[in-house]
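Enquirer:
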Amino acid sequence: MDQTDRTLLKELENGLPLVSEPFGELGERLQISGTEVMERLRRLKENGIIRKFRARINQRQIGITANAVVAWQIPDASSPELHSQFASFPGVSHCYLRQPVPGRWDYTLYTVHHGRSRTRVLTEVILLAGKTGISNFVVLFSTEEFKRIPAVRISVTGGEFP
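Numbering (the working numbering), first residue to last: 7 to 168.
#1: Would you decide whether N20 is buried or exposed? Buried here means 16 or more other CB atoms lie within 10 Å of its CB.
#2: Going along the chain, which unbroken runs of the beta strand (DSSP E) with 3 or more residues stay wholly within the stretch 82-163?
#3: Could you compute how far the alpha carbon of A74 sits from the alpha carbon of K153?
#4: Taking Cβ to Cβ, would you say G97 is nearer than 7 Å to H119?
#5: Would you mind sorting E130 into buried or exposed? The rule is 16 or more other CB atoms within 10 Å of its CB.
#6: Leaving aside the five residues before and after G40 along the sequence, list all residues of the same chain whose C-beta is less than 7 Å from its C-beta, in chain order.
#7: Distance, Cα to Cα, L88 vs E52?
#8: Excluding the 5 residues preceding and the 5 following Q79 in the sequence, name in chain order all residues of the same chain whose CB lies nearer than 6 Å to its CB.
#9: Give me the DSSP bridge partner(s) of N73.
#10: Hey, out of R12, L22, I68, V145, whose CA is closest to R49's CA?
#11: Leaving aside the five residues before and after T10 along the sequence, list all residues of the same chain whose C-beta is less than 8 Å from its C-beta, in chain order.
#12: Comparing C-alpha positions only, which one of S123, L14, D82 sits nearest to S148?
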């Protein structure tokens with residue numbers, strides 16, 4: 007990945023320009039052709055640096071107002087089969103493991119859910135509990151959002167990521 011790739015990725019963090027030829031416009035900003043922009047993006051995707059292009063939807067504007075992290079106490083935190091059951095559930099947007107704090111916080115698996123109402127999210131969580139057989143969990147609903155940005159921000163200079 008060279009300096010032009012880094013600058014291209016930095017430009018893309020703010021989204022594609024909403025014009026008839028967005029890659030051509032990006033190319034103008036970077037002083038390369040739109041074709042070269044496409045070639046670079048294909049290579050970055052092939053190398054796994056870019057996962058996909060997509061629209062970022064404002065959830066609240068389309069009625070998704072209930073968001074929850076669910077902490078699950080699972081018997082075997084190392085069970086790939088159990089992880090797969092949670093991760094493959096249609097309503098789960100994120101699924102990950104964390105270290106417990108023995109005796110204080112014994113939850114190790116976390117899922118994130120979004121829905122049009124708390125009732126819908128809770129129904130989904132109860133279905134997931136039934137599917138997995140896990141009954142010890144805590145549902146933590148968001149009450150207010152203060153910040154929401156992508157976790158990775160590109161450094162044009164190639165320095166450390168925050």
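No residue lacks a Cβ here, since even glycine has one placed at the ideal position from N, Cα and C.
Expert: Per the coordinate set shown:
#1: Under a 10 Å Cβ-count criterion, N20 is classified as exposed, with fewer than 16 other Cβ atoms of the shown protein chains found around its own Cβ.
#2: The stretch 82-163 contains these whole beta strand (DSSP E) runs: 98-103, 115-121, 143-147.
#3: Computed Cα separation, rounded: 15 Å.
#4: Their beta carbons are under 7 Å apart, which means G97 touches H119 by this criterion.
#5: Around the beta carbon of E130, 16 or more other beta carbons lie within 10 angstroms, which makes this residue buried.
#6: Once the five neighbours on either side are set aside, the close Cβ partners of G40 are E27, F29, G30, G33.
#7: L88 and E52 have their alpha carbons spaced roughly 30 Å apart.
#8: Counting only Cβ-Cβ distances below 6 Å, and skipping sequence neighbours, we find D112, Y113, N142.
#9: For N73, DSSP records a beta bridge to H120.
#10: That would be R12, whose Cα lies nearest to the Cα of R49.
#11: So the qualifying residues of the chain are L36, I38, R46.
#12: For S148, the nearest C-alpha among the options comes from S123.
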